[in-house]
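4 protein chains.
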Amino acid sequence: MDVGFIGLGNMGLPMARNILKAGHRLRVYNRTKSRAEPLQQEGATLVNSPAEASTGDVVITMLANDQAVEETVFGDEGVLTALKKGAAHISMSTITVALSERLKEVHAEAGQTYISAPVFGRPDAAAAAKLFVVAAGEKKAVERFQPLFDAVGQRTFFLSENAPEANLVKLSGNFLIAAMIECLGETAALMRKYDVDPRRFLEIMTETLFAAPVYRTYGALIADEKYEPAGFKLELGLKDIRSILAAAEAKSVPMPVGSVIRDHFLSAIARGGAHLDWSALAKVSAEDAGLKS
Amino acid sequence: MDVGFIGLGNMGLPMARNILKAGHRLRVYNRTKSRAEPLQQEGATLVNSPAEASTGDVVITMLANDQAVEETVFGDEGVLTALKKGAAHISMSTITVALSERLKEVHAEAGQTYISAPVFGRPDAAAAAKLFVVAAGEKKAVERFQPLFDAVGQRTFFLSENAPEANLVKLSGNFLIAAMIECLGETAALMRKYDVDPRRFLEIMTETLFAAPVYRTYGALIADEKYEPAGFKLELGLKDIRSILAAAEAKSVPMPVGSVIRDHFLSAIARGGAHLDWSALAKVSAEDAGLKS
Amino acid sequence: MDVGFIGLGNMGLPMARNILKAGHRLRVYNRTKSRAEPLQQEGATLVNSPAEASTGDVVITMLANDQAVEETVFGDEGVLTALKKGAAHISMSTITVALSERLKEVHAEAGQTYISAPVFGRPDAAAAAKLFVVAAGEKKAVERFQPLFDAVGQRTFFLSENAPEANLVKLSGNFLIAAMIECLGETAALMRKYDVDPRRFLEIMTETLFAAPVYRTYGALIADEKYEPAGFKLELGLKDIRSILAAAEAKSVPMPVGSVIRDHFLSAIARGGAHLDWSALAKVSAEDAGLKS
Amino acid sequence: MDVGFIGLGNMGLPMARNILKAGHRLRVYNRTKSRAEPLQQEGATLVNSPAEASTGDVVITMLANDQAVEETVFGDEGVLTALKKGAAHISMSTITVALSERLKEVHAEAGQTYISAPVFGRPDAAAAAKLFVVAAGEKKAVERFQPLFDAVGQRTFFLSENAPEANLVKLSGNFLIAAMIECLGETAALMRKYDVDPRRFLEIMTETLFAAPVYRTYGALIADEKYEPAGFKLELGLKDIRSILAAAEAKSVPMPVGSVIRDHFLSAIARGGAHLDWSALAKVSAEDAGLKS
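In structure tokens, the structure reads:
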């Protein structure tokens, strides 16, 4: 396939590489050009604008936030003007439901295909092509691009024909992770105040009821208070919680645990933790219990 | 071993039966005698008081709450007066840390052994001898009674020599389950308001990041809104949250997600749901989002 | 003075009338023209655009929300292009701190004066010229327009030279009112469950520690469950809470009571209460306690 | 009247003195005897037990918490055994609704009169005989002891014949004060982060909508961050919030703002603030916003 790829961050770079490895023609664009050079050596074509990346069958965006996607799609030399009728934009970033709804609308008006296909997994899973892809949009289109999803992920879940639903699921998944971090943080603080080793508690939990990878990963980070380097920055965690709360507000759904998490993210940032891994939410619980960290 | 067993509820009855099956001599006591009769036919001896159940090597209590344990241990014809020096009381109920500390103290004064060994698992796991046992107390004593733990559970975690720590771990585990229920409930309400099937969302979550049995069990109950019959009653869930918040308060640890859950349990009960399964916490999120249930 | 007035809603109409009565020349603009007609009979000039309202010494905006102010100021035939150098825009609506910062900037660039002067008080206070005005902006300019503030209010508080601070104070004041409503609602529910008349409780409070007009006003509405007609609509209350939480988030300040209130506003709206007075926040507390309302 | 008075703390001592000044015969008891000596010089009789203080027409208890009242009433040489049939126990302390219900019951069984008459006001108001008394119990009895209430307070509110309701009202009033402190603290932190002087904000609020003494008093303490000496200790504030939450739980009433306050009290205590004035709740908001204090 003739694929454009925009956004070569911690997640985007390994994803683009895996698509290239799978044998597709790849045009890549990144605002900071130097990030793209390794891929050039591996066979990708570097282009100078989102528009130039959008002249093939499909263009994938994997960017940091709504604003970056908006500039890339709606800006001069953006995706929207360059994409051919019938060609597709696959948005794989974690963006808001509201922006996804807007993309759905404008691409439809332009006779283009829009697929929302956000992914679950941290950078190591991206490198290993072990991401989970949640895809929504016209079913035939999703099937047509299955080879691309197979190139980056271990499994694809087709959700529905309504693209923004994939963003709702992605944000809700991130909410569940953040909530798990918050709750592990609250119990870890409690254990410490009782002189019980939080490692032991988490070990028991993850070998019994909560034998899920995500509990093991975050449980260990919290028990060891190892918040650097950040696999996923706390300030990005706040962005995602803000996005899910906005999606919930749009339908008048209160999410009180979401509100607690949002407040703790703000506290963590106010105390200087924006750059830490989002598991550092647990620091707030520790400090609120009077523990030094 | 010569074992006494007090408390033949949904959990206690299958546990006692499994101990009997494992070949131990069993004396059973239950306030409502008829509950004990099936065990008599299987070879157990029915006795008329906690004291009579406490004349052997060890007596196990598996009761509904602190008050029942207090009456059983401290009452006339209670465990405390009857238990021989060197014999053991194994408390397997979910009781407060404060009561466990008191039991530790009084048994020590009386020259008796006290082991705290609460279990994780619902009645079906109890029947299948698949419980997880978290044991704390004098290590040698815990080892000595390992055959009893093996009779009821699939695995025993020895925690520490300080018995009440096992209660802290048990209550914290229940807090994590309640928090998971609350968060699944919040996302399920959100999905419904967006006309996304919560089943599909939960399916994706439990086949990817949250591939833990407890997510599958409760995810299904919530997605299907199947809150009866209760595996674990909502009012007992409130009791456990109250207990963990009390343990946290004793060490000045705020647990804001715990507070949210407590408030939602109260709401669920105020609206007539005390007898439902504690997964009905999700009803509160649904109703707060204006959904009919 | 030669005054333009834009926005003749429940608050704007009586304010404009009081300015007219005080002897100023008044040009009025309202999107729905019929709202302006009574003022025409009383001597005001009706104009056809925000621009036409902005040709004098000063133009006042008193609009429903940020969007209305943005359209009025930045739109074609908007305030910004029409206002003369040295002339002033006085924004009296409850808008966000972020929009106020933007207005400060664009008016400064255009050589125009910008004053932020939001008001406290409900429609009856506006009619009686008994509003409280909180003004911020260049001090000399505020002094120059004091006659206008005197025409609508009983007292003006000059805050600082930094106009957006007045919006911060206004939104924080509304937060305190909403929090008071929430807390009175929680206690009223409690009283009802104990068969104590909430009126009696509120009477005692407002004749002793809380002898403030705002407690009396809202206390009576809540005790009588009289949520219609709305003096200030619940959906506008949510808008203000959202604005204060956004201002707080911009500086990484958690406001957990603000979060509770936001969640309850959402619940009230989800259950069909958007059009009620914002004191209907108390209905959520009542329903969460299982009370019929 | 022949009056016994038990409990000569910061509140009890000036109250007892005012009763003495009003011309009543006074028998006083305090666990720490030296506290009672000044009153002896002013004409009171010192006695050696609660029982000896309870031989007249009426005995008043004004003690720190439930436990002190329980020991005083139910202990050996306690009030209960000594009080004559027809004589009265007036409980003026801030105790739980549950204990008040128990006192109501036991005094009725003993043929004694029980009046619950907690007070609002800090020690300076007690000294100036300016307390507010909220009285509940048999109406004739309350009328009979009106001279005592007049001796200590500026006004008495008769609530109902059901004594524990006065405790519910007292605790709810303290909840409203704590909530006000919390909200003023949240806004003060916000103001500081925007470089707005919280004093100015609070000045505007208390001269307009919130012109109540309690807002002025606590607003000033918070704006000045003056948390010592304590007029009412933070750890006592936690006790009262715990009591109101317990009363609410007994009737299945969630009070989410109460939960937020409870968690913040715990945080304040965890960080070493138990001895500060309860207005130091605002320190938690400041620290959670990253402000040094």
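Residue numbers (this note's numbering), protein chains in the order written: chain A, 1 to 293; chain B, 294 to 586; chain C, 587 to 879; chain D, 880 to 1172.
Cβ coordinates follow ideal geometry from the N, Cα and C atoms, glycine included.
None of the values given here were measured: they were computed from a predicted structure.
With a threshold of 7 Å on Cβ separation, who are the neighbours of B/A523 within its own chain once the five nearest residues in sequence on each side are excluded?
Stepping through the second sequence from its first residue, residue 523 of chain B is reached at position 230. Contacts found: H568, L569, D570.
Please tell me whether D/I1120 has its Cβ less than 8 Å away from any Cβ of chain C.
As a first step, residue 1120 of chain D is located in the fourth sequence; it is residue number 241 there, counting from the start. Closer than 8 Å: no.
Short CB-CB distance (under 8 Å) between A/L276 and chain C:
Position 276 of the first sequence, counted from the first residue, corresponds to residue 276 of chain A. Taking Cβ atoms only, chain C never reaches closer than 8 Å to A/L276, which makes this a no.
Problem - Helix, strand or coil at C/Y700 [DSSP, three-state] - result: Within the third sequence, the letter at position 114 stands for residue 700 of chain C. Correct three-state label for C/Y700: strand.
Only counting the same chain, and skipping five residues up and downstream in sequence, which positions put a Cβ closer than 6 Å to that of A/M191? Here residue 191 of chain A refers to the residue found at position 191 of the first sequence. Contacts found: P198, F201.
8 Å contact criterion, which C/H675 and C/V665 should meet: CB distance rounded = Walking along the third sequence from the start, residue 675 of chain C turns up at place 89. Walking along the third sequence from the start, residue 665 of chain C turns up at place 79. That belief holds up - the Cβ atoms of C/H675 and C/V665 are roughly 6 Å apart, short of 8 Å.
Query raised in the report: Which residues in the same chain as B/R555 place their Cβ atom closer than 8 Å to its Cβ, once the five residues preceding and following it in sequence are excluded?
Result: As a first step, residue 555 of chain B is located in the second sequence; it is residue number 262 there, counting from the start. Closer than 8 Å at Cβ, skipping near neighbours: L531, I534, R535, L538.
Can you give the Cα-Cα distance for B/V242 and A/K193, rounded to whole angstroms? The structure shown does not extend to residue 242 of chain B, since chain B is modelled only from 294 through 586, so no value can be given for it.
Which of helix, strand or coil DSSP assigns to C/G759:
For the purposes of this step, residue 759 of chain C is taken as the residue at position 173 of the third sequence. Helix.
Reduced DSSP secondary structure (H/G/I, E/B, other) of A/D277: Position 277 of the first sequence holds residue 277 of chain A. Correct three-state label for A/D277: strand.
B/T389, DSSP secondary structure in three states: Within the second sequence, the letter at position 96 stands for residue 389 of chain B. In this structure, B/T389 counts as coil in the three-state DSSP scheme.
Collapsed DSSP secondary structure at B/V489 in the structure displayed:
Position 196 of the second sequence, counted from the start, is the residue given in the question as residue 489 of chain B. Three-state DSSP puts B/V489 in coil, outside helix and strand.
Where C/K607 falls, given that 16 or more other Cβ within 10 Å makes a residue buried: Position 21 of the third sequence, counted from the start, is the residue given in the question as residue 607 of chain C. Exposed.
- Message: Tell me which residues of the region 237 to 270 of chain A have at least one Cβ-Cβ distance to chain D shorter than 7 Å, keeping chain order.
- Response: S267, A270
message: Just to confirm before moving on: does the CB-CB distance between C/F744 and D/T1066 stay below 8 Å?
response: The sequence position of residue 744 of chain C within the third sequence is 158, counting from 1. The sequence position of residue 1066 of chain D within the fourth sequence is 187, counting from 1. Not a contact, by the Cβ cut-off of 8 Å.
Query raised in the report: Got a sec? Which residues, its chain only, sit under 8 Å from B/E403 by beta carbon, not counting five neighbours each side?
Result: Along the second sequence, one-based indexing puts residue 403 of chain B at 110. Rather than Glu, the amino acid found at residue 403 of chain B in this sequence is Ala. So the list reads L373, L376, K378, once near-sequence residues are dropped.
Neighbour list for A/A289 in chain D, Cβ cutoff strictly below 7 Å: Start at 1 with the first residue of the first sequence, and residue 289 of chain A comes out as number 289. Result: A1149.
Are D/S979 and D/T940 closer than 8 Å when you measure CB to CB?
The residue labelled residue 979 of chain D in the question sits at position 100 within the fourth sequence. The residue labelled residue 940 of chain D in the question sits at position 61 within the fourth sequence. Cβ distance not < 8 Å, so D/S979 and D/T940 don't count as in contact.
Throw me the rounded Cβ distance for the B/S545 and A/A289 pair, which I believe falls under 8 Å. Here the question's residue 545 of chain B lines up with position 252 in the second sequence. Here the question's residue 289 of chain A lines up with position 289 in the first sequence. At roughly 7 Å, the Cβ-Cβ gap stays under 8 Å, so B/S545 and A/A289 are in contact.
Worksheet item: For chain C, is any of its Cβ atoms less than 8 Å away from the one on D/R981?
Response: Here residue 981 of chain D is taken as the residue at index 102 of the fourth sequence, counted from 1. Chain C contact via Cβ: absent.
Could you name the residues that DSSP lists as bridge partners for C/H675? Indexing the third sequence from 1 puts residue 675 of chain C at position 89. C/H675 is bridged to C/V645, C/Y700.
query: Taking 8 Å as the CB-CB limit, is C/M601 close to chain G?
result: The structure shown contains no chain G; its protein chains are A, B, C and D.
| Got a sec? Which residues, its chain only, sit under 7 Å from B/H557 by beta carbon, not counting five neighbours each side? | What you label residue 557 of chain B is simply residue 264 of the second sequence in a count that begins at 1. These residues qualify, in order along the chain: E475, L574, V577.
Quiz prompt | Distance, D/A1008 Cα to B/V462 Cα | solution = Position 169 of the second sequence, counted from the first residue, corresponds to residue 462 of chain B. Position 129 of the fourth sequence, counted from the first residue, corresponds to residue 1008 of chain D. Going from the Cα of B/V462 to the Cα of D/A1008 covers about 52 Å.
query: Roughly how many angstroms lie between the CA atoms of C/I681 and C/L649, to the nearest whole one?
result: Taking the third sequence and counting its residues from 1, the one referred to as residue 681 of chain C is at position 95. Taking the third sequence and counting its residues from 1, the one referred to as residue 649 of chain C is at position 63. Approximately 9 Å between the Cα atoms of the pair.
| request: For C/F706, name the three-state secondary structure that DSSP assigns. | output: Locating residue 706 of chain C in the third sequence gives position 120, counting from the first residue. Strand.
| message | Against A/I177, what residues of chain B qualify as contacts under a CB-to-CB distance less than 8 Å, listed in chain order? | response | To locate residue 177 of chain A, count along the first sequence from 1; it is residue 177. Those are L502, listed as they occur along chain B.
Could you tell me which chain C residues have their CB closer than 8 Å to the CB of D/M971, listed as they occur along the chain? To locate residue 971 of chain D, count along the fourth sequence from 1; it is residue 92. Per Cβ cutoff of 8 Å: no residues; D/M971 is ~16 Å from chain C at best.
Discussion item. Give me the chain B residues within the contact set of A/G78, using Cβ-Cβ distance strictly less than 8 Å, ordered along the chain.
Written reply: Within the first sequence, numbered from 1, the residue matching residue 78 of chain A stands at position 78. Those within 8 Å of A/G78 in chain B number zero; the least Cβ separation is about 28 Å.
Let's see if you can read the secondary structure: which residues bound the beta strand (DSSP E) around A/T156?
The sequence position of residue 156 of chain A within the first sequence is 156, counting from 1. First-last of the beta strand (DSSP E) with A/T156: 153 to 158.
Rounded C-alpha distance that separates D/S995 from D/N944: The residue you call residue 995 of chain D lines up with position 116 of the fourth sequence. The residue you call residue 944 of chain D lines up with position 65 of the fourth sequence. Taking the straight line from one Cα to the other gives about 14 Å.
Query raised in the report: Just reading off the beta strand (DSSP E) that D/Y908 is part of, what are its end residues?
Result: Position 29 of the fourth sequence, counting from 1, holds the residue named residue 908 of chain D. Looking at the DSSP string, the run of the beta strand (DSSP E) that includes D/Y908 is 904 to 908.
Cα-Cα separation, B/F438 to B/S384: Counting from one through the second sequence, the residue named residue 438 of chain B turns up at place 145. Counting from one through the second sequence, the residue named residue 384 of chain B turns up at place 91. Taking the straight line from one Cα to the other gives about 12 Å.
Helix, strand or coil: how does DSSP classify A/L266 here?
Here residue 266 of chain A is taken as the residue at index 266 of the first sequence, counted from 1. Helix at A/L266.
Is B/L441 close to chain A, meaning its C-beta is less than 8 Å from at least one C-beta of that chain?
Taking the first residue of the second sequence as position 1, residue 441 of chain B is located at position 148. No - not a single Cβ of chain A is within 8 Å of the one on B/L441.
* Of the residues B/K585, B/R318, B/L396, which one's Cα is nearest the Cα of B/G336? -> Within the second sequence, the letter at position 43 stands for residue 336 of chain B. Considering only alpha carbons, the answer is B/R318.
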